[in-house]
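Single-structure report; data block below.
Chains as they are written, first to last, in my numbering: chain A, 1186 to 1333; chain B, 39 to 566.
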């Protein structure tokens, strides 16, 4: 597991540093990063990571766009993705959408949420809410990697 | 009753003489009135028809006339048809009439002299006879009577209508749920309707002799209102408070107008008041609810902001821990920088909140606006430079104007920070370099500070949310209070905040302040 190539996508340097350090402390060695969706996609092509951690805070949508693209590219469709969100409310709403989304029409208010709905459709492996606790993060990472 | 008349005047059965319901004088009659007239009519034409109508009408029946029969060679003459309808005996031969039992009167309406002579010759002796000439006289007299009666009926109907109308208008006053008060020219209360009783608790008797302004908490207010009413004729929806009997105030919405008589002369006022206490209470409740909702929203926004900052602090302290553990100073440094950032963000947040919540009067000091801008720019120059963002300032030193340097400095700093952040967020292509330029412009009446950047600009959605508290597009999370605070400061200086922006190209924010010159002789100011 700790050999897995992990790609962190977040425009905040500090956040990248933070997550990198947590992974390092838990034995992970192959950690890569990108500062936005574009760069992220390039990295995916180059390194073929085994896990992607993606920040999709609103209103910047590039994180979502990257996610959607990944899920439509057959080659990388199956890379597990952990999505980070800063908005607790959004998280709850997303999880609610997720449970109801099977077959149901879900009405969304904001245009940003439409993109999120697409996210739900494609089902990330996990959501994590900021601020991120090191233990919670590692637990999620391990859970996701064991499933795959 | 006139004196000297027969007893019959006092006996209604013997003398059904009063016109029903007229209230007029009774018909005076002599003894002959008691003799019943049993008559027959010769000639069943139109005249007969009319006569039947007249005689059978109720008011004539006290005349004690009975019609025994009608004769006419033509059975379909109008009088004949009418007679049959009234079940009166008809015959084509007038001589048949002579045999009618009790007949004592014959009236001839044929208009034919031949018939007249025939009748005179053939009738029984004891039967009286009236020919068409004399019956004409009778007819005219009856007509006059009928007309008089008709007029009386009309008079009664009119009076009834007037009474009903009056009653109707009174009912309007009585049933109105709004208070209606009329006053005379000396402002004494004339009418005070039941709604008034209900709303104010006074009875109409208590209102007698009272001047209307005694009901007003502020009598002078009514005086002023009255003069307005005199000049305009009426005033609508004037809101004020009246004093109820129990001492409580009653909020009302009053429509007051001049009361005039039929000649147009002013005789007083009429005021219709709606009790709006409940309405006012609901309105205050609504405002309070909105206020609470706004507070709730503010608290939520605040919590969100703090959470953001906390994120950074957690991350930073984690790095410090790991760095200390690994004895990696680089890591400790990085973590510490993050923590420091978090601290400064918290202090900015609390400063912004204080600024925003306080209604402060600007502490005006003579200040050179250009120097102030320069000072503010120098605060951020270094750190911006490190990130490759160029900051420039244009303008000239000049004479001081009155403004609050701390406040305006803060406003400028907010704008400059925003500009720098906008540059950070943008991806610059090869030949374009991030740049923020501050210009200080001075006109005759205004000072203009412009903060222009070539950063990422704002689309319409962002622009619409600009002054929403805690709205921030910054990834690292600004407080979201920067622009609201800036706006507040500018407004407190009676200035204007303007902006324009092109998404992808940049934005320009301007602060325009009216120039207040310090008066060199005294501390007083004069607006230029």
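Note that CB positions come from ideal geometry on N, CA and C, so glycine has one too.
Inter-residue CB distance, residue i and residue j (contact presumed, cutoff 8 Å)
i              : j              : result
residue 540/B  : residue 495/B  : 5 Å
residue 79/B   : residue 108/B  : 5 Å
residue 476/B  : residue 485/B  : Residue 476/B to residue 485/B, Cβ: 13 Å. No contact.
residue 292/B  : residue 311/B  : 5 Å
residue 445/B  : residue 400/B  : 6 Å
residue 319/B  : residue 393/B  : Incorrect: roughly 35 Å between the Cβ atoms, too far for contact.
residue 278/B  : residue 259/B  : 6 Å
residue 166/B  : residue 142/B  : 6 Å
residue 1237/A : residue 1207/A : Wrong, their Cβ atoms sit about 16 Å apart, outside the cutoff.
residue 221/B  : residue 212/B  : The Cβ separation is near 19 Å, so there is no contact.
residue 383/B  : residue 347/B  : 5 Å
residue 1186/A : residue 1330/A : 5 Å
Contacts that residue i makes with chain B (C-beta to C-beta distance below 8 Å)
i              : result
residue 1363/A : Outside the shown range of chain A, which is 1186 to 1333, sits residue 1363/A, and nothing can be said about it.
residue 1206/A : 356, 357, 360 and 369
residue 1210/A : 360
residue 1319/A : 356
Beta-carbon neighbours of residue i, restricted to chain B and to distances below 7 Å
i              : result
residue 1231/A : The contacting residues do not exist; residue 1231/A stays about 20 Å from chain B at best.
residue 1214/A : Residues of chain B passing the Cβ test: none, with the nearest at roughly 15 Å.
residue 1315/A : 349
Element boundaries [alpha helix (DSSP H), containing residue i]
i              : result
residue 407/B  : 407-424
residue 147/B  : First-last for residue 147/B: undefined, no H or E at that position.
residue 102/B  : No alpha helix (DSSP H) holds residue 102/B; DSSP gives it neither H nor E.
residue 1226/A : 1222-1232
residue 529/B  : 520-530
residue 1319/A : 1319-1332
residue 334/B  : 315-364
residue 214/B  : That residue, residue 214/B, is in no alpha helix (DSSP H); it is neither H nor E in DSSP.
Selected residue, minimal CA-CA separation from residue i, among the options
i              : options                           : result
residue 502/B  : 529/B, 524/B, 488/B and 537/B     : 537/B
residue 432/B  : 487/B, 449/B, 396/B and 438/B     : 487/B
residue 1262/A : 1270/A, 1233/A and 1314/A         : 1233/A
residue 33/B   : 194/B, 139/B and 415/B            : This structure cannot speak to residue 33/B, because chain B is shown only from 39 to 566.
residue 402/B  : 423/B, 527/B, 302/B and 152/B     : 527/B
residue 386/B  : 360/B, 518/B and 442/B            : 518/B
residue 1195/A : 1239/A, 1226/A, 1321/A and 1208/A : 1239/A
residue 623/B  : 103/B, 225/B, 453/B and 286/B     : Absent from the structure is residue 623/B, since the part of chain B shown begins at 39 and ends at 566.
residue 155/B  : 138/B, 164/B, 132/B and 139/B     : 132/B
residue 288/B  : 316/B, 189/B and 306/B            : 316/B
residue 520/B  : 529/B, 506/B, 533/B and 531/B     : 506/B
residue 1222/A : 1214/A, 1211/A, 1216/A and 1192/A : 1192/A
residue 430/B  : 436/B, 422/B and 437/B            : 422/B
residue 106/B  : 226/B, 94/B, 84/B and 135/B       : 135/B
residue 176/B  : 89/B, 193/B and 122/B             : 89/B
residue 523/B  : 479/B, 481/B, 464/B and 456/B     : 456/B
residue 91/B   : 113/B, 120/B and 115/B            : 120/B
residue 1251/A : 1317/A, 1327/A, 1227/A and 1215/A : 1227/A
residue 73/B   : 87/B, 93/B, 83/B and 103/B        : 103/B
Chain A contact residues for residue i, given Cβ-Cβ distances below 8 Å
i           : result
residue 3/B : Summary: the structure shown does not reach residue 3/B, with chain B confined to residues 39 through 566, and so no result is reported for it.
Closer than 7 Å: residue i CB and nearest the ligand GTP heavy atom
i             : result
residue 332/B : For the structure depicted, the ligand GTP is absent and the ligand set is empty, with no information on it obtainable.
Contacts that residue i makes with chain A (C-beta to C-beta distance below 7 Å)
i             : result
residue 285/B : Here the premise fails: no neighbours, minimum Cβ distance about 51 Å.
residue 426/B : Those do not exist, as residue 426/B stays about 15 Å from chain A at its closest Cβ, beyond 7 Å.
residue 372/B : 1202
residue 353/B : 1199, 1200 and 1203
Chain-ordered chain A contacts of residue i [CB-CB under 9 Å]
i             : result
residue 481/B : None at all; the shortest Cβ gap to chain A is about 38 Å.
residue 376/B : 1199, 1202 and 1203
Boundaries (first-last residue) of the beta strand (DSSP E) holding residue i
i              : result
residue 1237/A : 1236-1240
residue 276/B  : 272-281
residue 537/B  : 534-540
residue 431/B  : 428-432
residue 392/B  : Not the beta strand (DSSP E): residue 392/B falls in the alpha helix (DSSP H), residues 367-395.
residue 443/B  : Counting along the chain, residue 443/B falls outside any beta strand (DSSP E), though it belongs to the alpha helix (DSSP H) covering 443-463.
residue 554/B  : 554-556
residue 1/B    : What the structure shows of chain B is the stretch from 39 to 566, and residue 1/B is not part of that stretch, so it cannot be assessed.
residue 123/B  : Note, residue 123/B: premise wrong, no beta strand (DSSP E); alpha helix (DSSP H) at 116-123.
Checklist entry - Using 8 Å as the threshold, is the stretch 375-391 of chain B in touch with the stretch 401-411 of chain B, meaning 3 or more CB pairs across them? => result no
Checklist entry - Pairing CB atoms from the stretch 322-342 of chain B with CB atoms from the stretch 350-369 of chain B, are three or more of them under 8 Å? => result no
Next on the checklist: Quick test of the definition: if touching needs 3 or more C-beta pairs under 8 Å, does the stretch 319-328 of chain B touch the stretch 246-255 of chain B?
Outcome noted: no
Checklist entry - Are the stretch 146-155 of chain B and the stretch 163-181 of chain B touching, with three or more C-beta to C-beta distances below 8 Å? => result yes
Checklist entry - Pairing CB atoms from the stretch 294-310 of chain B with CB atoms from the stretch 258-278 of chain B, are three or more of them under 8 Å? => result yes
Next on the checklist: Tell me whether the stretch 149-165 of chain B and the stretch 175-193 of chain B touch, counting them as touching only if at least three CB pairs, one residue from each stretch, are closer than 8 Å.
Outcome noted: no
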